[in-house]
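J.:
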Amino acid sequence: MTTALDERSLDLRRLVVRALEGGGRGHVGSSLSPLEVMRVLYDDILRYRPREPQWQGRDRCILSKGHGCLAQYVLLADKGFFPAAELDRFCRFDAILGGHPEAGKVPGIEASTGALGHGLSIGMGRALALRMRGSDARVFVVTGDGEINEGSVWEAALSAAKHQLANLTVLIDYNKIQSAGPTAAILPLEPLAEKWRAFGFGVEEVDGHDVAALREVLRRVPFAHDKPSAIVCHTVKGKGVAFAENDPEWHHKSSLKPEVIADLYAAVGGR
Amino acid sequence: MRPACIDKIFDLARRDRRVAYIGSDLDPPLVRRMQAEMPGRAFMEGVSEQHVVGMAAGLAMEGYIPFVHTIASFITRRCYEQVAVDLCLHNLPVRLVGNGGGLVYAPLGPTHLAIEDIAIMRALPNMTVVSVCDADEMRRFMDQTLDWPGPIYIRLAKGYDPIVSRPELGFEIGKAIPMRIAGTGAPRALLVATGVATTRALAAADLLATAGIECTLLHVHTVKPLDTVALVEHARGCDLVVTVEEHTVVGGLGSAVTDALVEGAVDPVPPIRRLGIPDAFAVKYGTQDQLMELYGLQPPQIAASVREALKLVAI
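Line by line, the protein sequences are chains S and L.
So the first sequence is numbered by our numbering: it starts at 6 and just counts up by one.
So the second sequence is numbered by our numbering: it starts at 12 and just counts up by one.
(1) Does any C-beta atom of chain S lie closer than 8 angstroms to the C-beta of L/G65?
(2) Am I right that L/A276 and L/A187 are in contact with their C-beta atoms under 8 angstroms? What's the rounded C-beta distance?
(3) Does any C-beta atom of chain A lie closer than 8 angstroms to the C-beta of L/Y91?
(4) L/V234 lies in the beta strand (DSSP E); which residues open and close that run?
(5) Buried or exposed for S/S35, going by 16 or more other Cβ atoms inside 10 Å?
(6) Under a CB-based cut-off of 8 angstroms, is S/I127 close to chain L?
(7) Less than 8 angstroms between the beta carbons of L/Y164 and L/M190, yes or no?
(8) Going by Cα to Cα distance, which pick from S/L15, S/G130, S/G31, S/V33 is closest to L/G69?
(9) Near S/K84, which residues of its chain fall below 7 angstroms by C-beta distance, leaving aside the five closest residues on each side in sequence?
(10) Can you check whether the CB of L/G307 is closer than 8 angstroms to the CB of L/P118?
(11) Go through its chain and collect everything with a Cβ distance to S/K110's Cβ below 6 angstroms, but skip five positions before and after it.
(12) Do S/P253 and S/S184 have their beta-carbon atoms positioned less than 8 angstroms apart in this structure?
(13) Indicate the three-state DSSP secondary structure (helix, strand or coil) for S/R131 in the structure shown.
(14) For the stretch 182-213 of chain S, enumerate the residues whose C-beta is nearer than 9 angstroms to any C-beta of chain L, in chain order.
(15) Tell whether a beta-carbon distance below 8 angstroms holds between L/R13 and L/L167.
(16) When you compare each of S/D212, S/K232, S/L133 to S/A171 by their alpha carbons, which one comes out closest?
(17) Are there three or more Cβ pairs, one per stretch, closer than 8 angstroms when the stretch 12-25 of chain S is compared with the stretch 192-207 of chain S?
(18) Taking a contact to mean a Cβ-Cβ separation below 8 angstroms, would you say S/L80 touches S/M137 in this structure?
(19) Exposed or buried, S/A162, counting other C-beta atoms within 10 Å across all chains shown (16 or more means buried)?
(20) Counting C-beta neighbours from all protein chains within 10 Å, is the total for S/L125 16 or more, i.e. buried, or is it exposed?
(21) Tell me which residues share the same chain as L/L323 and place their Cβ nearer than 8 angstroms to its Cβ, disregarding the 5 neighbours each side in the sequence.
(22) Alpha carbon to alpha carbon, how far is L/V273 from L/A267?
(23) Looking only at C-alpha atoms, which of L/G194, L/D22, L/S59 sits nearest to L/V42?
(24) Using C-beta distances below 6 angstroms, list every residue in its chain close to S/Q77, excluding the 5 sequence neighbours before and after it, in chain order.
(25) What do you reckon, are the CB atoms on L/G206 and L/E244 nearer than 8 angstroms?
(26) May I ask you to list the residues that DSSP assigns as paired with S/P187?
(27) Any residues in the stretch 72-98 of chain L with a beta carbon nearer than 9 angstroms to a beta carbon of chain S? Which ones, in chain order?
(28) Quick one, are the C-beta atoms of S/H152 and S/L121 less than 8 angstroms apart?
(29) Taking beta-carbon pairs under 8 angstroms, can you tell me which members of the stretch 151-165 of chain S lie near chain L?
(30) So, does the stretch 140-151 of chain S touch the stretch 198-213 of chain S, judging by three or more C-beta pairs under 8 angstroms?
(31) Could you tell me the distance, in whole angstroms, from the CA atom of L/M49 to the CA atom of L/D278?
(32) With a Cβ-Cβ cutoff of 8 angstroms, do L/A24 and L/Y75 count as a contact?
(33) Less than 8 angstroms between C-beta atoms, sequence neighbours within five positions excluded: which residues of the same chain meet that for S/A82?
(34) Given a threshold of 16 other Cβ atoms within 10 Å of its Cβ, counted over all protein chains shown, does L/Q93 qualify as buried or as exposed?
(35) Excluding five sequence neighbours on each side, which residues of the same chain lie with their C-beta closer than 7 angstroms to the C-beta of L/R44?
(36) Pick from S/A116, S/R97, S/P106: whose alpha carbon is nearest that of L/L98?
As structure tokens, then:
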């Protein structure tokens, strides 16, 4: 997949690199693959108030693959939930931005994630609660592909379908590479869209870096009035950093040296 | 105790619109009653403990107080990470109702015994662990669950256990209840018990009294947070402290009490004897009472253990 990135996508990547520099570490590939998904959610789809993060009428966006948190941190910073300078303190002792997102610490983070396979159950419970209360707020859950190895995800899927939660959408960041290697070799997921369909979801597949296509498909949710929605987002691990793309070695990096940071900046169009 | 708890959930749900019920695959009558009277707040979600705990967390994040009900061994072990992360890390007011705590499911074997539930639940920050001794105390406790801020693990016994709690002694989450105070005269032992082990310990104290051995019995219905003030107060000057629990001796009430006394202001720390289930899976079936006897937790055995320990203390 060679979808070109526009200037806004490059700007967001520069913010990711800024945080990687601040912390000297981070999940590089895992944060770059869902970046357009998060961008379109925050730019075009979600309803929220950055100065009032607990506003009752907001849509709830849960990044279930918490290790990809830089993709959400940069959008939250960009939208003014907290100052972008927080990115410079990523993972430091007294930072609010840790290596996995924590609700209550970071404005705009709806659930503390990092342990995989939790977000969809939490999102399902919240979607149910919102419907019980008569709220029209919606819930969006972003999962990884390695993450959906977890059986709990499929327990949650069964339950969400049973309750016909049309206010719940799950987006799968399907970059096809998990920490230890290709998903196809470690635990094959195909046919993935068919699986979600069989579990009772309305399903669409999209190029997860094509901003216009993401916008179009997200504006159409729910795909059925009596079903939760699943969007299989075909993405590239490490998207936008040519030397990191599709390389499991770039899932997570620690001790990032200044010259590597310089290479990362160069890859996304300079500082 | 189980019917009392279930009836109380129904009662609380009537009184407070925040209360919801999630069963996995147990107690359809409650779900039917709740659905009839307060539709939309009772759910039966299937054998999926990981999911129902996460779902309960989601409901609690939106202002509900969910009671999640299933078998104690599964609600503590199968979904431990969801309990730790979704409930405890977020400090949400979810109530985990564990059916058949301890040895209740004796005939069903070790997969269904919850003998380490207290240990693993109390290891989690923000978790409150409650094990009442009878149905009356369950009702007094449940009334207080609406206003308790974080998660609670509620250990249920078999049901229809003898009533030994007394309303005049009151009930407050986190406050131990002295159910029997030793008279004057040595030697004195402090018995500390939780759940239905309190009933056995109380009977043991009566047996000991007839033999001239006066004991105080502190009923610790809330194992966490532990009432260290009451514990230290009653342990001071005792010749012996004996803990009694229907739970492994690893990490449960006995461990909590030992930690508290060693770190508390009791000097010298009295000798401590922990009565409970040994660090092994059950190899017998039968009844709860038979297994209690196998593990030396029936009143005459508790009394004998206290007498023996006091002899050693005297030496």
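Every residue gets a Cβ at the ideal spot worked out from N, C-alpha and C, and that includes glycine.
T.: So, from the data block:
(1) By 1-based counting over the second sequence, the position of residue 65 of chain L is 54. Cβ-Cβ to chain S under 8 angstroms: yes for L/G65.
(2) Counted from its first residue, the second sequence places residue 276 of chain L at position 265. Counted from its first residue, the second sequence places residue 187 of chain L at position 176. With a Cβ gap of about 16 angstroms, L/A276 and L/A187 do not count as contacting.
(3) Chain labels in this structure do not include chain A; the protein chains are S and L.
(4) Mapped onto the second sequence, residue 234 of chain L falls at position 223. Where L/V234 is concerned, the enclosing beta strand (DSSP E) stretches over 233-235.
(5) Within the first sequence, the letter at position 30 stands for residue 35 of chain S. So S/S35 counts as buried.
(6) If you number the first sequence from 1, residue 127 of chain S lands on position 122. Taking Cβ atoms only, chain L reaches closer than 8 angstroms to S/I127, which makes this a yes.
(7) For the purposes of this step, residue 164 of chain L is taken as the residue at position 153 of the second sequence. For the purposes of this step, residue 190 of chain L is taken as the residue at position 179 of the second sequence. Their beta carbons are not under 8 angstroms apart, which means L/Y164 does not touch L/M190 by this criterion.
(8) Along the second sequence, read from residue 1 onward, the residue named residue 69 of chain L stands at position 58. Nearest C-alpha to L/G69: S/G130.
(9) Your numbering for residue 84 of chain S matches position 79 in the first sequence. Taking S/K84 as the centre and dropping the five residues before and after it, the same chain places the C-beta of Y47, P55 closer than 7 angstroms to its C-beta, in chain order.
(10) Taking the first residue of the second sequence as 1, we reach residue 118 of chain L at position 107. Taking the first residue of the second sequence as 1, we reach residue 307 of chain L at position 296. No, these two residues do not count as a Cβ contact at 8 angstroms.
(11) As a working note, residue 110 of chain S is residue 105 in the first sequence. Within the same chain, S/K110 has close Cβ partners I101.
(12) Locating residue 184 of chain S in the first sequence gives position 179, where the first residue counts as 1. Locating residue 253 of chain S in the first sequence gives position 248, where the first residue counts as 1. In this structure, S/P253 lies closer than 8 angstroms to S/S184 by Cβ.
(13) For the purposes of this step, residue 131 of chain S is identified with residue 126 of the first sequence, where counting begins at 1. Looking at S/R131 - three-state DSSP - the assignment turns out to be helix.
(14) none
(15) Against the second sequence, residue 13 of chain L aligns to sequence position 2. Against the second sequence, residue 167 of chain L aligns to sequence position 156. Closer than 8 angstroms, so yes.
(16) To locate residue 171 of chain S, count along the first sequence from 1; it is residue 166. For S/A171, the nearest C-alpha among the options comes from S/K232.
(17) no
(18) In the first sequence, residue 80 of chain S corresponds to position 75, counting from 1. In the first sequence, residue 137 of chain S corresponds to position 132, counting from 1. No, they are not a contact pair.
(19) Taking the first sequence and counting its residues from 1, the one referred to as residue 162 of chain S is at position 157. Per the 10 Å Cβ criterion, buried.
(20) As a working mapping, residue 125 of chain S is identified with position 120 in the first sequence. Buried is the call here.
(21) Translated into the one-based positions of the second sequence, residue 323 of chain L becomes position 312. If we look at L/L323 and ignore the five residues flanking it on each side, its Cβ neighbours are P282.
(22) Here residue 273 of chain L corresponds to residue number 262 of the second sequence, with the count starting at 1. Here residue 267 of chain L corresponds to residue number 256 of the second sequence, with the count starting at 1. For L/V273 and L/A267, the distance between alpha carbons rounds to 10 angstroms.
(23) As a working note, residue 42 of chain L is residue 31 in the second sequence. Cα-wise, what sits closest to L/V42 is L/D22.
(24) Within the first sequence, numbered from 1, the residue matching residue 77 of chain S stands at position 72. Around S/Q77: M43, L68.
(25) In the second sequence, the residue the question calls residue 206 of chain L occupies position 195. In the second sequence, the residue the question calls residue 244 of chain L occupies position 233. No, they are not a contact pair.
(26) Residue numbering aside, residue 187 of chain S sits at position 182 when the first sequence is read from its first letter. For S/P187, which the question treats as bridged, DSSP gives the partners S/I182.
(27) M72, E73, G74, Y75, P77, C90, E92, Q93, A95, V96, D97
(28) By one-based count along the first sequence, residue 152 of chain S stands at place 147. By one-based count along the first sequence, residue 121 of chain S stands at place 116. Rather than His, the amino acid found at residue 152 of chain S in this sequence is Glu. Yes, these two residues count as a Cβ contact at 8 angstroms.
(29) G156, S157, E160, A161, L163, S164
(30) no
(31) Taking the first residue of the second sequence as 1, we reach residue 49 of chain L at position 38. Taking the first residue of the second sequence as 1, we reach residue 278 of chain L at position 267. So the alpha carbons of these two residues sit roughly 55 angstroms apart.
(32) Here the question's residue 24 of chain L lines up with position 13 in the second sequence. Here the question's residue 75 of chain L lines up with position 64 in the second sequence. No.
(33) Position 77 of the first sequence, counted from the first residue, corresponds to residue 82 of chain S. Here S/A82 has L20, P88, A89, E91, L92 as same chain residues with Cβ atoms under 8 angstroms from its own Cβ, once five neighbours each way along the sequence are excluded.
(34) Numbered from 1 along the second sequence, position 82 holds the residue referred to as residue 93 of chain L. Classification of L/Q93: buried, given that the 10 Å Cβ count is 16 or more.
(35) Counting from 1 along the second sequence, the entry for residue 44 of chain L is found at position 33. Around L/R44, the same chain offers F21 as residues with beta carbons nearer than 7 angstroms, after the five sequence neighbours per side are excluded.
(36) Your numbering for residue 98 of chain L matches position 87 in the second sequence. L/L98 has its Cα closest to that of S/A116, out of S/A116, S/R97, S/P106.
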